[in-house]
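With the sequence shown counted from 1, adding 125 to any position gets you the numbering used here.
The beta carbon of each residue, even a glycine, is placed where N, CA and C say it ideally should be.
Just so we're clear, the structure is a prediction, and the values are computed from it rather than from any experiment.
Structure first, then comments.
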Amino acid sequence: MSAEGFSAWGRLGWPPAAEILRLPSRSAPLPATAGTLLPYGNGRSYGDVCLNPGGALLAMRGLDRFIAFDADTGVLVCEAGALLADILDVCVPRGWFLPVTPGTRHVTVGGAIANDVHGKNHHAAGSFGAHLRAFELLRSDGSRRRCAPDENPAWFAATVGGLGLTGVVTWAELQLRRIAGNAVAVRNTRFTGLDAFFALNAEAERQHEYAVAWIDCLAKTPRGVLIAGDHAATDLPAPRGERNLPLTPPFSLINETSLRAFNAVYYGKPWPARETVHHRPYFYPLDAVGRWNRLYGPRGFYQYQSAVPPAAAAAATAEMLAAIAESGQGSFLAVLKNFGERPSPGLLSFPMAGTTLALDFPNRGAATLSLFERLDAIVLAAGGRLYPAKDARMPAATFRAGYPRLAEFSSFVDPKLSSGFWRRVMEQN
Ligand SMILES: Cc1cc2nc3c(=O)[nH]c(=O)nc-3n(C[C@H](O)[C@H](O)[C@H](O)COP(=O)(O)OP(=O)(O)OC[C@H]3O[C@@H](n4cnc5c(N)ncnc54)[C@H](O)[C@@H]3O)c2cc1C
126 MSAEGFSAWG
136 RLGWPPAAEI
146 LRLPSRSAPL
156 PATAGTLLPY
166 GNGRSYGDVC
176 LNPGGALLAM
186 RGLDRFIAFD
196 ADTGVLVCEA
206 GALLADILDV
216 CVPRGWFLPV
226 TPGTRHVTVG
236 GAIANDVHGK
246 NHHAAGSFGA
256 HLRAFELLRS
266 DGSRRRCAPD
276 ENPAWFAATV
286 GGLGLTGVVT
296 WAELQLRRIA
306 GNAVAVRNTR
316 FTGLDAFFAL
326 NAEAERQHEY
336 AVAWIDCLAK
346 TPRGVLIAGD
356 HAATDLPAPR
366 GERNLPLTPP
376 FSLINETSLR
386 AFNAVYYGKP
396 WPARETVHHR
406 PYFYPLDAVG
416 RWNRLYGPRG
426 FYQYQSAVPP
436 AAAAAATAEM
446 LAAIAESGQG
456 SFLAVLKNFG
466 ERPSPGLLSF
476 PMAGTTLALD
486 FPNRGAATLS
496 LFERLDAIVL
506 AAGGRLYPAK
516 DARMPAATFR
526 AGYPRLAEFS
536 SFVDPKLSSG
546 FWRRVMEQN
């Protein structure tokens, strides 16, 4: 099977995998391969955490069966290659929603576990792993373990947020959350300045299940819109299907001029103070244009997502935004959100209490990388960390400093499994 199509979302031009393998069923053993292997979900990670250049990828999408669903309790058991989109299609009409969802539905359950993904309700619900009742972990020695918070708990903690390195998750059991309709009641509030964001956000978190801000990081004083929401007892028609960006333009369509224009229009557009919308545009606005990552042209793009603890959050966020504005390299997809206190279950889970900032950057080579070095220094001085799911370049020292349980985690890594990310941050190349 060709390695074409098995890429990462940032399209930074990594060398391909040497081999693409499959599991014929969830009870099959891992296929033999001479080198290393890495499970591949749906490639929605931005960088090499989902890639194994020169080694083998194990394509998981084929394992997409639903095994059991109890419409009274909302407990779902499905294979790990099932997409969150498939779960929503089946469960929303029956009154159940994902307990935690990232900003795209095109993510597999296995990928959501391996990066312990978070959503706009982290302050209320914690990360994806907090709602996992159990899963099966298949290792290259042929062993299979049922893992749950109270069954093989050490394997559970290593595998949630374990970057696909502890073994292959074959199926998972999830607790969904009840909804009374498919829509979301939204409250939009414009703000100018970070102090205004932190004050508004604190209030929104007390009142709403979901809260996230979009910010214009090119403006002299950061400004943006806080978008809060709750599930509503309303059913609305689903929006029209997604459209794919058909081609990669020969150069990036994202540059300082287009960003400034976009941000000014987006900030200035009429934001109704309150509206009720179908859950799809609320949770997955970017999914409306499939393959929007092609907008960045053939050189691809980076995302930089940090988390910093509460005490340092205001100062570190201000410093990062100032550095980004000064560099003129900001993005239109700048997202600011507070993580809550609920601890993430994984040894390497990214979410930590504090503030997370996520931005996309067109790949401009050395200029972009030197900006990231400045941002790394701010994040590390604040006691924060970067998100492996979004990373394509963090140095080993940055990873080690951000993840104090790394040594403990390393003892659970399957000797047959590896990724481009892992070799980079463990300096194994
Ligand atoms: C538009 C967009 C918005 C996003 N928004 C968010 C967000 O709000 N919050 C957030 O947390 N993330 C977000 N992400 C990142 C995305 O949720 C994660 O990268 C997710 O892990 C991707 O899942 P995937 O199925 O595509 O897996 P891949 O990207 O293919 O793989 C991710 C990791 O999972 C491992 N893996 C995959 N399947 C298995 C398995 N069966 N067993 C063991 N390991 C496995 C892989 O080895 C790899 O380490 C976003 C991504 C995009 C493109």
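| Query | Result |
| --- | --- |
| Excluding the five sequence neighbours on either side, which residues of its own chain have a C-beta within less than 6 Å of the C-beta of residue 292, listed in chain order? | 262, 263, 264 and 539 |
| Is there contact between the stretch 188-195 and the stretch 302-315, where contact requires at least three CB pairs shorter than 8 Å? | no |
| Suppose contacts are defined by Cβ-Cβ distances below 8 Å. Is residue 297 in contact with residue 205 by that definition? | yes |
| Taking the Cβ atom as the reference point for each residue, do residue 555 and residue 542 lie within a distance shorter than 8 Å? | In the structure as shown, the chain begins at 126 and stops at 554. Residue 555 is therefore absent and cannot be evaluated. |
| Going by DSSP, what residue range makes up the alpha helix (DSSP H) through residue 538? | No alpha helix (DSSP H) contains residue 538, which DSSP labels as neither H nor E. |
| Taking three-plus beta-carbon pairs below 8 Å as touching, is the stretch 265-284 in contact with the stretch 215-233? | no |
| Quick test of your reading: residue 201 and residue 226, contact by CB under 8 Å. State the CB separation rounded to the nearest angstrom. | At roughly 14 Å, the Cβ-Cβ gap does not stay under 8 Å, so residue 201 and residue 226 are not in contact. |
| Candidates 183, 322 and 426: which alpha carbon is nearest residue 490's? | 426 |
| Which of helix, strand or coil does DSSP assign to residue 169? | coil |
| Taking residue 134 as the reference, which of 179, 240, 418 and 260 has the closest Cα? | 418 |
| By Cβ distance below 6 Å, which residues in the same chain neighbour residue 581 in space, the five residues on each side in sequence not counted? | There is no way to answer for residue 581, as the model of the chain reaches only from 126 to 554. |
| Can you tell me whether residue 134 sits near ligand 1, meaning its C-beta is under 7 Å from at least one heavy atom of the ligand? | yes |
| How many angstroms separate the CA atom of residue 136 from the CA atom of residue 516? | 12 Å |
| What runs of the alpha helix (DSSP H), each 4 residues or longer, lie entirely inside the stretch 191-237? | 209-216 |
| Starting from residue 394, follow its DSSP beta bridges and name the residues at the other end. | Answer is none; residue 394 lacks a bridge partner. |
| Apart from the five residues just before and just after residue 325, which ones in its own chain have a Cβ nearer than 7 Å to its Cβ? | 314, 316 and 351 |
| Hey, residue 487 and residue 421: beta-carbon distance below 8 Å or not? | yes |
| Between residue 275 and residue 254, which are expected to be in contact by the criterion C-beta below 8 Å, what is the C-beta distance as a whole number of angstroms? | Actually they do not touch by this definition, with Cβ atoms about 14 Å apart. |
| Please name the residue in 345, 207, 401 and 171 whose C-alpha comes closest to that of residue 357. | 401 |
| Should residue 451 go down as buried or exposed, given a rule of 16 or more other Cβ atoms within 10 Å for buried? | exposed |
| Below 7 Å, is the gap between the Cβ of residue 488 and the nearest heavy atom of ligand 1? | no |
| Assuming residue 338 and residue 461 are in contact, meaning their beta carbons sit under 8 Å apart, how far apart are those beta carbons, in whole angstroms? | 5 Å |
| Report the residue from 410, 295, 523 and 179 whose alpha carbon sits nearest the alpha carbon of residue 500. | 523 |
| I'd like the span of the alpha helix (DSSP H) that includes residue 296, first residue to last. | From DSSP, residue 296 is part of no alpha helix (DSSP H) but of the beta strand (DSSP E) over 293-300. |
| Let me know the secondary structure DSSP gives residue 274 once reduced to three states. | coil |
| Comparing the CB of residue 228 with every heavy atom of ligand 1, is any distance shorter than 7 Å? | yes |
| Under 7 Å: does the beta carbon of residue 237 sit that close to some heavy atom of ligand 1? | yes |
| For my contact list, residue 359 and residue 308 are in at a C-beta cut-off of 8 Å; report their separation, rounded to the angstrom. | 4 Å |
| What number of angstroms, rounded off, separates the C-alpha of residue 235 from the C-alpha of residue 469? | 17 Å |
| Mapping DSSP to helix, strand and coil, what is residue 547? | helix |
| In this structure, how does DSSP classify residue 427 when only helix, strand and coil are distinguished? | strand |
| Go through its chain and collect everything with a Cβ distance to residue 245's Cβ below 6 Å, but skip five positions before and after it. | 335 and 337 |
| Within the same chain, show all residues whose beta-carbon is closer than 7 Å to that of residue 525, passing over the 5 residues directly before and after it, in chain order. | 531 |
| From residue 459 to residue 344, what distance separates their C-alpha atoms? | 12 Å |
| Let me make sure I understand the geometry here. Which of 442, 361, 353 and 393 has the alpha-carbon closest to that of residue 403? | 361 |
| Nearest-angstrom Cα distance between residue 145 and residue 443? | 44 Å |
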